[in-house]
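J.: Here it is, the structure in full.
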Amino acid sequence: MPISTCPFAACLKPSCKIPCQGTVWVSLPVASLLPTTCCHCKKYHSSCTNLQNIAKLCCKSVQTNGATEKTTDFADYTDFFSGFLCDSAPLRWLFSVDSRIIMDAKQKQLENALHAAQMYYYQNLPMKTIAAELQVSHSTISRLLSWARDQGLIEIRINDIRGRADSLEESIKLHYKIQSAQIVPVPEVAGEQAWQERVARVAASHLNQFIESGMILGVAWGGTINRIAANLTPKSLVGVQVVQLNGGEIVSNPSVNHAGWLVSQFANNYEAKAHLFPVPTFFDYPETKQALWRERSIQQILQLHEQADILLYTIGSPRGQLMSATYMGNYLQEKDFVEMEREGVVGDIANIMIRQDGSYKGIPLNERACGPKLELFRKVGRSICVVSGYNKLAGLRAALAGGYVTDLILDEPTAHKLVASI
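Residue numbering for the sequence shown follows our numbering, beginning at 203 and increasing consecutively.
Pasting the structure below:
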């Protein structure tokens, strides 16, 4: 175990004025350094206190003055520990010495996670056996498996072998002629917010099955898409681009993060290049939109829309418990709602209003909206619509009727109502 001299000149406790020559730092195999007590006053250095607390979180075992103290695994805190800002000379010394060890710990965590996953899923070994083989605790194996799932090292696939003819998915696929329908089981009593969270988690997992290197992903912001972004599982790809489909930022609804954050989340998850679309959600005048759409920088974004391989969006709804942010964010005036009622609007796709039959042309508000023409959703390879909640049912029917959906991810209670109306 490598040992080096304590970088502190003396104990800073007022009652102890003697230079602290005997204090040492012990560099542990799990990449943590912990200050020992002052060899004279037996008190911790006052400037060591915070580091002492941090190090205790990170050390697997700490030996000070012959005593061994058991603490938690360093691997759980690697990111926090390596990101700690070191402004003092002793802390800079600490992290310059141990930066390589921290990287080694991350590599060790990756290796242990892969070994644990292979033994657990391929060999069907119990966690107790895996823990003994890797010489770690049972709880560490559980955390390693969770970490591996979060990092995309583990993907779980379920093959549904039930009779498909009577299933909700098959009924929706056959009637609306879409490529796939994924129905998410949720208890009806859980409420629509819980439905949204579960649907978003499933959608985040399914997106990884569709997206590949070299693709362009178009993302339309919204509350459901926000939850998908929060539940993404990392997938390392090459040459992916993520483009924002509709402009604007959701600044007046704190529960929904702004569009730029959403696009960045998807881009970071797939190691992709992000393309933002910094235009208003709704223009005050159609002429302003037309002029801006002629700008070269905007034309580049619109071209990416046309080249997209996958479009990811939800249905906006002006009604219900989880009303879409478009209708709550002071984007629309009272006269706009009157116009929507007159035109028979039942929802929107990327801020483009749609009628019950899926039509959208001739609605004056769409002339000022920032979203793409809906023909784009018909011709793209995959148009993934993610929906939860009864309030979006009318808009979903319109989107399906208009042919804007190739793949649908939907909560089970709403799916039952959709099939009942066929």
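Virtual Cβ for every residue (Gly too), placed ideally from N, Cα, C.
1) If I'm right that A422 touches N448 with Cβ under 8 Å, what's the distance once you round it to whole angstroms?
2) Does the pairing of the region 336-348 with the region 397-407 give three or more beta-carbon distances under 8 Å?
3) Could you tell me the alpha carbon to alpha carbon distance between A600 and R521, rounded to whole angstroms?
4) For Y515, report the span of its beta strand (DSSP E) as first-last.
5) Return the chain-ordered ranges of every beta strand (DSSP E) run that is complete within the region 505-572 and spans a minimum of 3 residues.
6) Closer than 7 Å by C-beta to V404: which residues in its own chain qualify, once you throw out the five before and the five after it? Chain order, please.
7) Which class does H477 belong to by DSSP, given the choice of helix, strand or coil?
8) From the DSSP secondary-structure annotation, give me the bridge partner or partners of E385.
9) Whose C-beta lies closer than 7 Å to the C-beta of L464 among residues of the same chain, with five residues either side of it excluded?
10) Do you know offhand how far L534's Cα is from K310's?
11) Please name the residue in G591, G604, N532 whose C-alpha comes closest to that of D486.
12) If you draw a straight line from the alpha carbon of A461 to that of M321, how long is it in whole angstroms?
13) Straight-line CA distance for I624 to D538?
14) What residues match up with I658 in a beta bridge as DSSP calls it?
15) Whole angstroms is fine: what's the gap from A510's alpha carbon to A402's?
16) To which residues does DSSP link Q446 through a beta bridge?
17) Run through DSSP, which three-state label would F468 get?
18) Helix, strand or coil for F579 per DSSP?
19) In whole angstroms, what is the alpha-carbon distance linking G354 and Y324?
20) Of all the options G450, G518, L376, which has the alpha carbon lying nearest to the alpha carbon of M555?
21) Can at least three beta-carbon pairs, one atom from the region 492-506 and one from the region 549-565, be found at a separation below 8 Å?
22) For L439, which of G425, E335, K475 has the nearest alpha-carbon?
23) Is F485 helix, strand or coil when you go by DSSP?
24) Along the chain, where does the alpha helix (DSSP H) that runs through E371 open and close?
25) Can you confirm whether H340, when its beta carbon is compared against all beta carbons of chain D, has any partner nearer than 7 Å?
26) Could you tell me the boundaries of the alpha helix (DSSP H) in which V404 lies?
27) Can you tell which of A596, G591, A603, L598 has its C-alpha closest to the C-alpha of E394?
28) Could you check which residue in S526, S415, T616, A622 has the C-alpha nearest to that of P389?
29) Contact defined as beta carbons within less than 8 Å: I believe V442 pairs with S415. What is the distance between those atoms, to the nearest angstrom?
30) Which of the three DSSP states is assigned to E497 in this structure?
31) DSSP three-state call for L598: helix, strand or coil?
32) Identify, in the order they occur along the chain, each residue of the same chain with its Cβ nearer than 8 Å to the Cβ of K375, setting aside the five sequence neighbours on each side.
33) Alpha carbon to alpha carbon, what distance is there between V445 and V338?
34) Between the Cα of N471 and those of F484, V481, K437, spot the shortest distance and give me the residue it belongs to.
35) Run through DSSP, which three-state label would E357 get?
36) Tell me, to the nearest whole angstrom, how far the beta carbon of L419 is from that of L514; I am working on the premise that it is less than 8 Å.
T.: In short:
1) 5 Å
2) no
3) 15 Å
4) 512-515
5) 512-515, 547-551, 554-557
6) Q384, V386, I611
7) strand
8) Residue identity check: residue 385 is Ile in the sequence provided, not Glu. Beta-bridge pairing links I385 to L612.
9) V421, W423, I427, N428, A431
10) 54 Å
11) N532
12) 41 Å
13) 31 Å
14) Shown here, the chain extends from 203 to 624; a query on residue 658 therefore has no answer.
15) 22 Å
16) V421
17) helix
18) helix
19) 17 Å
20) G518
21) no
22) K475
23) coil
24) 370-378
25) The structure shown contains no chain D; it is built from a single protein chain.
26) 394-412
27) G591
28) T616
29) 6 Å
30) coil
31) helix
32) Q381, S382, A383
33) 44 Å
34) K437
35) coil
36) 7 Å
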